[in-house]
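Participant:
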Ligand SMILES: C[S@@+](CC[C@H](N)C(=O)[O-])C[C@H]1O[C@@H](n2cnc3c(N)ncnc32)[C@H](O)[C@@H]1O
């Protein structure tokens, strides 16, 4: 009897408790499902770039080798092999890339080399801050910090990418720069100035902004307002280097290379559609309108000549003819 009373007492006490637990569990389950459905996806294009750099850094020819020697340390080699069949064996991976006509592989190397050369030149002048926008798996902060210990680096990207990048470098690189700050942003909805202000960006220090493989995925308004922020807020001598596509590539009407449409379709299928382009012939005027002065604007021929000609003087691989890289400086008289 005593047991029965105890039982019924405990049932009375446990009843509401179990109901509460069931309700909380249901809410948590619902919240998890809602999160899982809407969970932000990591950038596939950023992952591809990292794979390309990791493979191209194994190129035996120093003239065409990708300088990103750290990419192979942070890339997920198992996933790269599982999904694409690529390894760090340069010859076999390049054969597979050529077979699939993934010509962006060669462009990524030309772009790394060009942007590295701009970075090095700026670091050797008076640049004290480097802001890497849409950083993805960019390794420049980790490759250059020791030679330029007084320079501060900022990596800016969507929150999901910042989190993944931080965990990758932490678990794979033995030494990390202490002069590097991470700043989550959505360029389409947030102001670069506000985000940078929170992580110690200084307007009075000469800065290089690197925007590699990003503007083609943004809204026109986001690209223009970010460039205007740089023009109006970075100190004299600061500059921005970024690559871009002509509007016809974005719109799918570019006829000079069938790879343009294949590439646009692929990124769209991965949830990263091309959205923004600039006419190369009007790029100087476009930058002027944002308050910047174009310093250089290089296309296919320059890229092949400067970066993708091998030690025998022959062009290496196929650099697509529709990518452009421009470098623009903040005007002194703002
Ligand atoms: C093609 S990847 C380039 C990554 C890296 N810069 C590189 O060259 O390997 C595009 C990058 O832009 C970032 N991105 C795209 N849309 C963005 C947005 N609205 N705000 C911030 N970052 C964005 C992605 O997260 C991704 O890291």
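Numbering (our numbering), first residue to last: 564 to 897.
Beta carbons are placed, not taken as given, at the ideal position from N, Cα and C, and that holds for glycine.
To the nearest angstrom, how far is the alpha carbon of residue 655 from that of residue 730?
Facilitator: Residue 655 and residue 730: Cα-Cα distance of roughly 30 Å.
Participant: Is residue 743 a contact residue of ligand 1, with contact defined as CB to any heavy atom under 8 Å?
Facilitator: Because no heavy atom of ligand 1 lies under 8 Å away, the Cβ of residue 743 does not count as near it: no.
Participant: How close, in whole Å, do the beta carbons of residue 867 and residue 839 come, if the pair is a contact with beta carbons under 8 Å?
Facilitator: Contact flag wrong, Cβ pair sits at about 25 Å.
Participant: Under 8 Å, with one C-beta from each stretch per pair, do the stretch 850–870 and the stretch 815–831 reach the 3-pair mark?
Facilitator: Short answer: they don't touch.
Participant: I need the straight-line Cα distance from residue 821 to residue 664, nearest angstrom please.
Facilitator: Going by the C-alpha atoms only, they are around 11 Å apart.
Participant: On a CA-only basis, which of 885, 757, 792, 808 is nearest residue 777? Give me that one, please.
Facilitator: The option with the nearest alpha carbon to residue 777 is 808.
Participant: Who are residue 717's beta bridge partners in DSSP?
Facilitator: For residue 717, which the question treats as bridged, DSSP gives the partners 694, 744.
Participant: Can you give me the Cβ contacts of residue 881 inside the same chain, cut-off strictly under 7 Å, excluding the 5 residues immediately before and after it?
Facilitator: So the list reads 666, 669, once near-sequence residues are dropped.
Participant: Skipping 5 residues on each side, what residues in its chain have a beta carbon closer than 6 Å to that of residue 815?
Facilitator: Closer than 6 Å at Cβ, skipping near neighbours: 824, 827.
Participant: Could you have a look at residue 642 and say whether DSSP puts it in helix, strand or coil?
Facilitator: It is helical.
Participant: Taking its Cβ as the centre, do 16 or more other Cβ atoms sit within 10 Å of residue 648, making it buried, or is it exposed?
Facilitator: So residue 648 counts as exposed.
Participant: Round the Cβ separation of residue 606 and residue 724 to the nearest angstrom and send it over; I've been treating them as touching at under 8 Å.
Facilitator: Yes, they are in contact, since the Cβ atoms of residue 606 and residue 724 sit about 6 Å apart, within 8 Å.
Participant: Which two residues bound the contiguous alpha helix (DSSP H) that contains residue 620?
Facilitator: Careful: residue 620 lies outside any alpha helix (DSSP H) and carries neither H nor E.
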